[in-house]
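*Asks:*
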Ligand SMILES: Nc1nc2c(ncn2[C@@H]2O[C@H](COP(=O)(O)OP(=O)(O)OP(=O)(O)O)[C@@H](O)[C@H]2O)c(=O)[nH]1
Ligand SMILES: [Mg+2]
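Residue numbers (our numbering): 368 to 560.
1. Applying the 10 Å Cβ sphere with the 16-neighbour rule, what's the burial state of residue 547?
2. Check residue 511 in the structure and name its three-state DSSP category.
3. Could you work out which residue in 523, 543 and 556 is closest to residue 398 when comparing CA atoms only?
4. Tell me which residue opens and which closes the beta strand (DSSP E) that residue 471 is part of.
5. Mind checking residue 440: buried by the 16 CB within 10 Å criterion, or exposed?
6. Quick check: residue 506 and residue 395, are their CB atoms within less than 9 angstroms of each other?
7. I'd like to know whether the C-beta atoms of residue 400 and residue 423 end up nearer to each other than 9 angstroms.
8. Cβ-heavy atom distance between residue 553 and ligand 2 below 8 angstroms?
9. Grab the span of the alpha helix (DSSP H) containing residue 452 for me, first residue to last.
10. Distance cutoff 9 angstroms, beta carbons only. Does residue 550 sit that close to anything in chain B?
11. Identify the continuous beta strand (DSSP E) that holds residue 445 and give its terminal residues.
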């Protein structure tokens, strides 16, 4: 969490979308970009050059209003999920305030979800953080697909942290705003205490 200056009372929350490649992180950000009206947009969005799979990261800066007297903005990052691009995920996790883990609900991707969650835990540990102390929301995405695993199975495999959960279909914008709102709320509740 960055206080840009005490005098101006600007607060910037850094939220990172994490999860296996092709799970729907960029799709979430595309919706956030669409849903954020121009006057809430604090800066130009950074869009990755590759439309298919993220190579570096995307960023959507959003203004969420005045909270506790602070002009509060959320910078939402989506790094690449491809296994080979772990170094960019690691960089994007620096000084993170909150995480939305985007799981791919498809049954055949269960292992990749687990592996991605394991990587997240380890990367946070490398920063001296315990995942259970980081504001986390788990979005079970692609609920529209016929091969989606049962929620109870996904929960048992991924949510060992009592994290709030969202059922998503990011392709249709479902669960997108709810996820970012939930994680912002969690971050701010930590801030207040
Ligand atoms: N059926 C379905 N398809 C989805 C959903 N969300 C995303 N997709 C599709 O899944 C594909 C991958 O989505 P991306 O948002 O690019 O995935 P990503 O997690 O950013 O992938 P990386 O950048 O490689 O990490 C795209 O073709 C999306 O249209 C969903 O809820 N349902
Ligand atoms: Mg992406």
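Where is the CB? At the ideal position from N, CA and C, for every residue including glycine.
*Replies:* This is what the structure holds:
1. Buried, since its Cβ has 16 or more Cβ neighbours within 10 Å.
2. Per DSSP, reduced to three states, the secondary structure at residue 511 is coil, with no helix or strand assignment.
3. If we check each option's Cα against that of residue 398, 543 comes out closest.
4. First-last of the beta strand (DSSP E) with residue 471: 465-471.
5. Classification of residue 440: buried, given that the 10 Å Cβ count is 16 or more.
6. In this structure, residue 395 lies closer than 9 angstroms to residue 506 by Cβ.
7. The criterion of a C-beta distance shorter than 9 angstroms is not satisfied by residue 400 and residue 423.
8. Every heavy atom of ligand 2 is 8 angstroms or more from the Cβ of residue 553, so no.
9. Element bounds for residue 452: n/a, residue is neither H nor E.
10. No chain B appears in the structure shown, which is made up of a single protein chain.
11. 437-445 is the extent of the beta strand (DSSP E) around residue 445.
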